[in-house]
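Right, one structure below, let's go through it.
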Amino acid sequence: MNNFTYVRATDVAEAVRQGGQAHAKFLGGGTNLVDLMRETLERPSVLVDVTGLSSAITDREDGGMLIGAAAKNTAVAEHRGVRTRYPLLARAILAGASGQIRNMATVGGNLLQRTRCTYFYDDDGSRCNKRGPGQGCDAIDGFNRIHAILGASSSCVATHPSDMCVALAMLDAVVHVTGSQGERTIAFADLHLLPGNHPEVETSLSPGELITAVELPALSFAQRSTYRKVRDRASYAFALVSVAAAMEVDDGVVKGVRVALGGVAAKPWRALRLEAALTGRPANEESFRAAAEAELADAQPLRHNAFKIEVAKRTIVAVLAELAGDRL
Amino acid sequence: MSVNINGLSVDLPSDARVSLLDLLRDHLDLPGTKVGCNQGACGACTVLADGERILSCLALAVQYEGRSVTTIEGLTVEGSLHRLQHAFIEHDGFQCGYCTPGQICSAIGMLREVQRGVPSLVTEDLSSRSIALTRDELRERMSGNLCRCGAYNGIVEAITEFAETSK
Ligand SMILES: Cc1cc2nc3c(=O)[nH]c(=O)nc-3n(C[C@H](O)[C@H](O)[C@H](O)COP(=O)(O)OP(=O)(O)OC[C@H]3O[C@@H](n4cnc5c(N)ncnc54)[C@H](O)[C@@H]3O)c2cc1C
Ligand code: SF4
Ligand code: FES
Ligand code: FES
């Protein structure tokens, strides 16, 4: 680990000022950043601890909720309002990492954990465009069972590891940020970027911009929502494929549906094609399957991960059937 | 700048790079907390910070300034073993013992979470206020602690017995 200065921010203004220094990084729980620093994949000169900033979880007048970026993952998952009004968010968080890690990890840090793969960590053994822009990517012709099937590029095929973010993408969450230029909000879909030719740039944040809160908009059918994660072991493993979904069925017809996928792309993948294909259709397995086919029509498998395409389709169908429940 | 470890106030290292795990083992001679993977993947380094289970390998010691950390060494009561340690012996909750301090600290933090009503991935009714610690609940909640010896059955039995007799 390189040497660095550690400071604790007591308010947003000070965090932004400290975070504006060259090679400064914000520090949440440290569960991703400390590990990357130990591997010398991150070498900040200043660490600005932002865990003392707002962690409040509050109701908004418009029926939504606001979650302070310093809220711990456990605190969000155990919050009554989150559990009853946005059950898929609680489920997605609880599907991630372990009890210990969720007690440490913050909402801000979960959003900004690196999109990464095992080759990215293998500093002296393999080439990685994310670690060393222009080097090449050894995953593309290597072992790529866990890699992306959607939205990847010839530069990078890594997936975004977060479960919470899949739920937030489905909910159309809004990210509140503050930087030296002031405050702004970012639609969740615009926060993470697809790799293109620059996989080293993962988000639309400007250098030094601080996430202060995540806003959950009101969604009339959010209570009828869930999250399902498919992985190599029953717990404590990253997703091969995950599905966050909410659906409203009226008289056997899909009135509203939201779906996002995890484990398939460099960002949480909002299934807009699926949503368009399914809205207004009968709530049955045939339409669920057809909509899933539409979403995955452009999926591009690598040598070892074609199975993810079928797993994604089947998981989508299973989750939507569960949500349709007795209304099927 | 200090941190409270097992009831004693300890100066924090001037080098911010020192992890909480290294502070415990290398600076304070408290080797009960184990180094497994040193990257968050095994749970051997689990300690309690203000009663909450965390991984000391992913924590910088400076982040815990002013907080109270309890390690396996701090669980003994006046020199005798904690009841959960006895339960682990009773139920063969270990073979080599390497994962055991982490399992025990994790279980204590986990049971507090259950009491507080924190749901888990296998909790069916997210709105329920009380959680029954079934075998599935226990295994899911303890999944952050791996045991290379596979002493899981004994671990589950030990924690179950401790939980039942602590009600
Ligand atoms: C073994 C293991 C298994 C895991 N399994 C899963 C899993 O199954 N599912 C899953 O979703 N996650 C998983 N994780 C990842 C875990 O969820 C993340 O490491 C965690 O959410 C990061 O949060 P943090 O607060 O610790 O972030 P940190 O490590 O502190 O920070 C991460 C990044 O965010 C930046 N940052 C932090 N806060 C802010 C802010 N407020 N504004 C701007 N930037 C900020 C930091 O500068 C850093 O770049 C796993 C991690 C480990 C170690
Ligand atoms: S997939 Fe991306 S992160 Fe993995 S080695 Fe290739 S460039 Fe690096
Ligand atoms: S040593 Fe900390 S989790 Fe393995
Ligand atoms: S008892 Fe040996 S690792 Fe668990």
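Sequence lines, in order, name chains E and Z. The number in the numbering used here is simply the position in the first sequence, starting from 1, with 205 added. The number in the numbering used here is simply the position in the second sequence, starting from 1, with 718 added. Heads up, the beta-carbon is just placed ideally off N, CA and C, and yes, glycines get one too.
Mind pulling the chain E residues with CB within less than 9 angstroms of threonine 883 of chain Z? Position 165 of the second sequence, counted from the start, is the residue given in the question as residue 883 of chain Z. Within chain E, no residue comes near threonine 883 of chain Z; the closest Cβ sits about 22 angstroms away, beyond 9 angstroms.
Neighbourhood of leucine 480 of chain E by C-beta distance below 7 angstroms, restricted to the same chain and skipping five residues each side: Here the question's residue 480 of chain E lines up with position 275 in the first sequence. Looking at the sequence shown, residue 480 of chain E is not leucine but glutamate. Answer for glutamate 480 of chain E: Val462, Arg463 and Val464, listed in chain order.
Within 10 angstroms of the Cβ of alanine 779 of chain Z, are there 16 or more other Cβ atoms? Answer buried if so, exposed if not. Here residue 779 of chain Z refers to the residue found at position 61 when the second sequence is read from its first residue. By the neighbour-count rule (16 or more Cβ atoms within 10 Å), alanine 779 of chain Z is buried.
Can you list, in chain order, the residues of its chain with a C-beta nearer than 7 angstroms to that of leucine 533 of chain E? Leave out the 5 residues immediately preceding and following it. As a position in the first sequence, residue 533 of chain E is number 328, starting the count at 1. Annotation note: pLDDT 43 at leucine 533 of chain E (below 50); position unreliable, coordinate value reported separately. Once the five neighbours on either side are set aside, the close Cβ partners of leucine 533 of chain E are Ala488, Asn489 and Ala526.
Let me know the secondary structure DSSP gives alanine 392 of chain E once reduced to three states. Position 187 of the first sequence, counting from 1, holds the residue named residue 392 of chain E. Here alanine 392 of chain E sits in strand by DSSP.
What distance in whole Å lies between the Cβ atoms of cysteine 865 of chain Z and threonine 817 of chain Z, which are believed to be in contact at a cut-off of 8 angstroms? Indexing the second sequence from 1 puts residue 817 of chain Z at position 99. Indexing the second sequence from 1 puts residue 865 of chain Z at position 147. Correcting the residue type first, residue 817 of chain Z is cysteine in the shown sequence and not threonine. Yes, they are in contact, since the Cβ atoms of cysteine 817 of chain Z and cysteine 865 of chain Z sit about 5 angstroms apart, within 8 angstroms.
Is it the case that the Cβ atoms of serine 411 of chain E and isoleucine 391 of chain E are separated by a distance below 8 angstroms? In the first sequence, residue 411 of chain E corresponds to position 206, counting from 1. In the first sequence, residue 391 of chain E corresponds to position 186, counting from 1. In this structure, isoleucine 391 of chain E does not lie closer than 8 angstroms to serine 411 of chain E by Cβ.
Rounded to the nearest angstrom, what separates alanine 357 of chain E and threonine 364 of chain E at their Cα positions? Sequence index remark: in the first sequence, residue 357 of chain E carries index 152 (1-based). Sequence index remark: in the first sequence, residue 364 of chain E carries index 159 (1-based). One C-alpha to the other measures close to 9 angstroms.
Just to check, is the beta-carbon of serine 367 of chain E closer than 7 angstroms to a non-hydrogen atom of ligand 1? The residue given as residue 367 of chain E occupies position 162 in the first sequence. Indeed, a heavy atom of ligand 1 lies less than 7 angstroms from the Cβ.
Lysine 335 of chain E: beta carbon under 7 angstroms from a heavy atom of ligand 1? Start at 1 with the first residue of the first sequence, and residue 335 of chain E comes out as number 130. No, ligand 1 has no heavy atom inside 7 angstroms of this Cβ.
Check the C-beta distance from leucine 258 of chain E over to threonine 520 of chain E and give it rounded, since I have them as a contact under 8 angstroms. Looking up residue 258 of chain E in the first sequence gives position 53. Looking up residue 520 of chain E in the first sequence gives position 315. With 8 angstroms as the limit, leucine 258 of chain E and threonine 520 of chain E do not qualify as a contact, their Cβ atoms being about 36 angstroms apart.
Run down chain Z in chain order and give the residues with a C-beta less than 7 angstroms from the C-beta of tyrosine 291 of chain E. Walking along the first sequence from the start, residue 291 of chain E turns up at place 86. The premise fails here: tyrosine 291 of chain E is roughly 10 angstroms from chain Z at the closest Cβ pair, so nothing lies under 7 angstroms.
Counting by C-beta, which residues lie closer than 5 angstroms to a heavy atom of ligand 4, in chain order? Z:Phe812, Z:Gln813, Z:Cys814, Z:Tyr816, Z:Cys817, Z:Cys865, Z:Arg866, Z:Cys867 and Z:Ala869
Look up glutamate 500 of chain E in the DSSP assignment and say whether it is helix, strand or coil. Counting from one through the first sequence, the residue named residue 500 of chain E turns up at place 295. Three-state result, glutamate 500 of chain E: helix.
Helix, strand or coil, according to DSSP, for proline 487 of chain E in the structure here? Position 282 of the first sequence, counted from the first residue, corresponds to residue 487 of chain E. Reduced to three states, the DSSP call for proline 487 of chain E is strand.
Should serine 360 of chain E be listed as close to ligand 2, given that the test is whether its C-beta is under 7 angstroms from any heavy atom? The residue given as residue 360 of chain E occupies position 155 in the first sequence. Correct: serine 360 of chain E has its Cβ closer than 7 angstroms to ligand 2.
Where does the unbroken alpha helix (DSSP H) through valine 874 of chain Z begin, and where does it stop? Indexing the second sequence from 1 puts residue 874 of chain Z at position 156. Valine 874 of chain Z -> alpha helix (DSSP H) spans 870–883.
Would the beta-carbon of isoleucine 376 of chain E fall within 8 angstroms of that of leucine 317 of chain E? Counting from one through the first sequence, the residue named residue 376 of chain E turns up at place 171. Counting from one through the first sequence, the residue named residue 317 of chain E turns up at place 112. Per the sequence shown, residue 376 of chain E should be read as leucine rather than isoleucine. Contact flag unset, no.
Euclidean distance between Cα positions of cysteine 867 of chain Z and threonine 883 of chain Z: As a working mapping, residue 867 of chain Z is identified with position 149 in the second sequence. As a working mapping, residue 883 of chain Z is identified with position 165 in the second sequence. Distance between the alpha carbons of cysteine 867 of chain Z and threonine 883 of chain Z is about 27 angstroms.
For ligand 3, any of its heavy atoms closer than 7 angstroms to the Cβ of leucine 773 of chain Z? In the second sequence, the residue the question calls residue 773 of chain Z occupies position 55. Yes, ligand 3 has a heavy atom inside 7 angstroms of this Cβ.
At least one CB of chain Z closer than 8 angstroms to the CB of glutamate 557 of chain E: is that the case? Residue 557 of chain E is absent from the structure shown; chain E starts at 206 and stops at 533.
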